[in-house]
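From first to last, the protein sequence lines are chains A and B.
Heads up: the first sequence begins at -17 in our numbering, then just goes up one per residue.
Heads up: the second sequence begins at 636 in our numbering, then just goes up one per residue.
Okay, so here's the structure we're looking at.
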Amino acid sequence: MSESIDTHELDVLVIGAGGAGLSAAISAAERDVSVGVVCKSLLGKAHTVMAEGGIAAALGNVAPADDWKSHFLDTMKGGWGLNDPRMAEIHAKESPERVRTLQEWGALFDRTDDGKISQRPFGGHRYDRLAHVGDRTGLEMIRTLQDKTVAEGIDVYQECTTTHLLLDGDQVAGALGVWRDDGSPILFRSKAVILATGGLGQCYRITSNSWEYTADGHAMALRAGAALVDMAFVQFHPTGMVWPKSVQGTLVTEGVRGEGGILLNSEDERFMFDYVPDAYEGSVAPTVEEADRWVAGDRDARPPPELLTRDVVARAILSEVSAGRGSPHGGVFLDIANQRSTEYIQEKLPAMVHQFRELAEIDITEDPMEVFPTCHYMMGGIRVDPETQETAVPGLYASGEVAGGLHGANRLGGNSLSDLLVFGNRAGHAAGDRAEGMDTFPPIDDEDVTNKLNSLEAPFEREDGTDPYALHAELQTVMEEYVGIMRDDDRLTTGIERLEDLAERAANTATDGSRAYNPGWEKCFAVRHLVEAGLAIAHAARERTESRGAHTRIDYPEPDEELERVEFAISLVGGEIDIAREAVPAPREELREMLQADTGEEETQ
Amino acid sequence: MSTQTEGQPPAEEATTEEQSDEPTGDRDPETDTTTYTLEVYRGDGEDGELVTYDVPIQAGMVLLDALHWIQANRQPDLAVRWNCKSGRCGSCSMEIDGMPSLSCMKRMSEYDADTPIRVTPMRAFPVVKDLVCDVSWNYEVNAEIEPFTPAPDADFTFYQPDVERSREFRRCIECFLCQDVCHVLREHDKKDAYAGPRYLVRSAGLHFHPEDTADRTEWMKEDAGVGYCNITHCCSDVCPEDIEITDNAIIPQKERVVDEYYDPLAQIKRKLSDVWS
């Protein structure tokens, strides 16, 4: 069977062409190996393009006191201590070099007055740390990586959906997918495979994630034998658009608050002052006057509470709306118009001005925006080795959003783009090294390939199968209602029952039309991945009987010290979900001492 | 004069009624929707037709929402490209009443509910299926452009005004609407001779990068065929990022080609250096 399939031998196969995938491909190609990137959309359209705020890296260009240690400590604090400390250390140490490398590849960052890469403040970062390109940092990053990928002659298989990993015993042997344009199968034989498939935002109805983010990597890795960690921690970005309904969930960058935007309820109260958690008491401005001084550039002042971490701000907005103090369309107000001049807003936030003008007919230099939390990012993901990003499956690597560990219970803004660069690079090198050391491609099991192809074809054969569009909509409703921002045991238990029912129906979807560019058919495999990821989230959330970071339990409203260094690892055992309670790796001595000594306050500059 | 791009459907098509249970243009107060009629191209490069769909539209919906409604309720295999749904990624390019547009940025309220809206694929490229075109030619052109080339000793110290010179061009989201509307590519199908506005924007972005040292003038003249542009500004008009493609990207590069190849003094200088070398 597999002889007749369009087959490609690539030493290193990268699945996904966002920031992590392209970084990985470029770094793998530095070794003496053949490298290919496969992506569902056209090259350059991955979600990285949407990133607005910037790349967190302790360059120290604006705040000379900044260093990797401060970045490490901020990341650990933002993640409520659940982060893998070695990953957080590597990330903090290597991100400045990755930003400089991106600049050498042509990325044009905004500048300081002395001609260096400028850096802007962001929630949870104690220093001005985000290298940025206006509010279009992601576009600059993806274009730079895309150009570098092309210049290096790396093969790109665009509009090609990967559906299955192939194994040889317990090691990876390749991947199977379909060309979207004609629906024909494609088989990759590879010595190493890097998953860089991004997130799973399509689990939720209100999301900033596009159609592509359907947990493909999570589901493929689970089936191949890897484990998922920290799946309870779904980041709801506090500021998504709420109106018009059709753009509900579209992101409003944290940069608006970084540039001085404030949050107001319907009673015109700046409510964030009432929601400062104990851990951040003393590190945010207690008064409007001090917050204003910080916005004006006085770095002796402390930042406004609007720049608290995303989990805190999202919960505060939810509380205000629940208490009846919401805006007309069920959000709260985000106002920059009265904080900054029109010219300043147009210069610093051009994409936001454009987005609101075109989609909501609102001029944000004149009027406030309405915002509400939107599903944005998955902190959890595939468990990887911090040094190499290898999963439990030999030869299978994961980097970027699909990997877990770096962000713990909550990710800081700006730490995603740096994550993509740092760990994409590491995964690429490690996968390249592995492939260089192998003489032959692992064998492919033809019968396995045939079975997998048959399962892909099945939706065309079924007479009375489930409609994948309706199933996807139902999944989103279930996740919102039972596995949303506010959780409790009853809801999660009901959610799991509903998801198990959905899983059965997701295995029985039907579609028609031709194989060519058929989104209904593609949704049949995507929705299975999403239901599996939804189950992983719900199980992890039910096990985690505490509130920490992005995970909020109404029945356990406080963090539980017992769970401070505990992670729940989800794997498939005999086709059933298995949940293991495990210890988060302990920090090495130097890091432990740093964490104990950290007060979270700025050093005197 | 208009020639047909290979793989593109003929411009005029028979219309079939898919369903029409609600009178077009009426507002339903219960669901707060207004019914619009869309005529959507269905087919491949060889064979296709416009199919009529009546779609209930709520306030604020964009044309891409209407297409998604058709997928979920009428035609699950309708092929449409999209990603960000907020004008950032440039995926959902198509032609709406013949106008090259990003469907995610076209609010339905811009259109008259009493008149059918015609939705067709970009005409300058071969159709794969329905509203999806084969845009791979663009990626081939892109690969021929000499990439960013800093000096070996570049120290990357430069200032905000240096950055601003290139920034307009780097806003490009690669939606290919400029390529679609350009008559050199659309009507005359000169893809073998002209790189199109998108790639003159890219080379301008590289040229104005403060650390770039490559000279792309020969590429611009010989391969990119910058001379084919006759400054009709159509590309600038359709650019969703408001890049002044013709005035700021193409004309300065035309001038550079003229300076280098047709300026009499430069020609003498080049001849002399040929003699002496």
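All C-beta atoms in this analysis are idealised placements derived from N, C-alpha and C, irrespective of residue type, glycine included.
Since the structure is predicted, the reported quantities are computational estimates derived from the model, not experimental observations.
query: Rounded to a whole number of angstroms, what is the C-alpha to C-alpha distance between residue 215 of chain A and residue 524 of chain A?; result: 12 angstroms
query: Quick one: grab the DSSP three-state call for residue 805 of chain B.; result: helix
query: Restricting to Cα atoms, I'd like to know which of A:572, A:549, A:557 and A:560 is closest to residue 62 of chain A.; result: A:549
query: Starting from residue 161 of chain A and walking both ways along the beta strand (DSSP E), at which residues does that stretch end?; result: 153 to 161
query: Spell out a yes or no on whether the stretch 186 to 202 of chain A and the stretch 528 to 543 of chain A are touching, meaning 3 or more CB-CB pairs, one atom from each, closer than 8 angstroms.; result: no
query: Which runs of the alpha helix (DSSP H) at least 4 residues long sit entirely within the stretch 663 to 721 of chain B? Give them in chain order.; result: 698 to 708
query: List, in order along the chain, the chain B residues whose C-beta lies closer than 8 angstroms to that of residue 228 of chain A?; result: 693, 695, 696, 697 and 700
query: In the DSSP output, which residue or residues are listed as bridge partners for residue 82 of chain A?; result: Answer is none; residue 82 of chain A lacks a bridge partner.
query: Quick one: which residues of the stretch 718 to 747 of chain B get their C-beta closer than 8 angstroms to a C-beta of chain A? List them in chain order.; result: 718, 719, 720, 721, 722, 723, 724, 725, 726, 740 and 742
query: Please state the DSSP three-state secondary structure of residue 402 of chain A.; result: helix
query: Return helix, strand or coil for residue 544 of chain A, following the three-state DSSP convention.; result: helix
query: Taking its Cβ as the centre, do 16 or more other Cβ atoms sit within 10 Å of residue 95 of chain A, making it buried, or is it exposed?; result: exposed
query: Using 8 angstroms as the limit for Cβ to Cβ distance, is residue 764 of chain B near chain A?; result: yes
query: Kindly indicate which three-state DSSP category residue 469 of chain A falls into: helix, strand or coil?; result: strand
query: Return the chain-ordered list of same chain residues with a C-beta closer than 8 angstroms to the C-beta of residue 458 of chain A, the five sequence neighbours on each side being excluded.; result: 184, 185, 186 and 187
query: Run through chain B and tell me which residues come within less than 7 angstroms of residue 241 of chain A, C-beta to C-beta.; result: Under the 7 angstroms cutoff, chain B gives no residues; its nearest Cβ is about 16 angstroms from residue 241 of chain A.
query: Quick check on DSSP: helix, strand or coil for residue 220 of chain A?; result: strand
query: Tell me, please, whether the CB atom of residue 23 of chain A is closer than 8 angstroms to any CB atom in chain B?; result: yes
query: Give the residues from the stretch 26 to 37 of chain A that approach chain B closer than 7 angstroms (Cβ to any Cβ), ordered along the chain.; result: 26, 27, 31 and 32
query: Please check if any C-beta of chain A sits within less than 8 angstroms of the C-beta of residue 872 of chain B.; result: no
query: With a cut-off of 8 angstroms on the beta carbons, I'd call residue 517 of chain A and residue 478 of chain A a contact; round off their distance for me.; result: 7 angstroms
query: Residue 91 of chain A and residue 71 of chain A look like a contact to me (Cβ under 8 angstroms); what is the Cβ gap, rounded to whole Å?; result: The Cβ separation is near 25 angstroms, so there is no contact.
query: Which chain A residues sit within Cβ distance under 9 angstroms of residue 760 of chain B?; result: In chain order: nothing, as chain A lies at least about 12 angstroms away.
query: With a cut-off of 8 angstroms, does the C-beta of residue 161 of chain A fall near any C-beta of chain B?; result: no
query: Listed from N- to C-terminal order along the chain, which residues in the stretch 129 to 151 of chain A have their beta-carbon within a distance smaller than 7 angstroms of any beta-carbon of chain B?; result: 129, 132 and 133
query: With H, G and I counted as helix, E and B as strand and the rest as coil, what does DSSP make of residue 780 of chain B?; result: coil
query: From the DSSP secondary-structure annotation, give me the bridge partner or partners of residue 363 of chain A.; result: A:211
query: Assign residue 123 of chain A to buried or exposed, taking buried as 16 or more other Cβ atoms, counted over all protein chains shown, within 10 Å of its Cβ.; result: buried
query: At a Cβ cut of 8 angstroms, what residues of the stretch 422 to 436 of chain A count as close to chain B, listed as they run along the chain?; result: none
query: Shortest alpha-carbon distance to residue 213 of chain A belongs to which of A:44, A:392, A:102 and A:317?; result: A:392
query: Tell me, to the nearest whole angstrom, how far the beta carbon of residue 88 of chain A is from that of residue 783 of chain B; I am working on the premise that it is less than 8 angstroms.; result: 3 angstroms
query: Against chain A, does residue 866 of chain B count as a neighbour if the rule is that its beta carbon must be under 8 angstroms from one of theirs?; result: no
query: Could you compute how far the alpha carbon of residue 656 of chain B sits from the alpha carbon of residue 304 of chain A?; result: In this prediction, residue 656 of chain B has a pLDDT of 48, which is less than 50 and means its spatial position is unreliable; what the coordinates show is noted afterwards. Their Cα atoms are separated by approximately 40 angstroms.
query: If you check the beta carbons only, do residue 821 of chain B and residue 758 of chain B fall under 8 angstroms apart?; result: yes
query: Determine which residues of the stretch 823 to 851 of chain B have a Cβ less than 7 angstroms from any Cβ of chain A, and write them out in chain order.; result: 844
query: Does residue 653 of chain B come within less than 8 angstroms of chain A when only Cβ atoms are used?; result: For residue 653 of chain B, the pLDDT reaches just 49, beneath the cut-off of 50, and the residue's location in the model is therefore unreliable, leaving the point undetermined.
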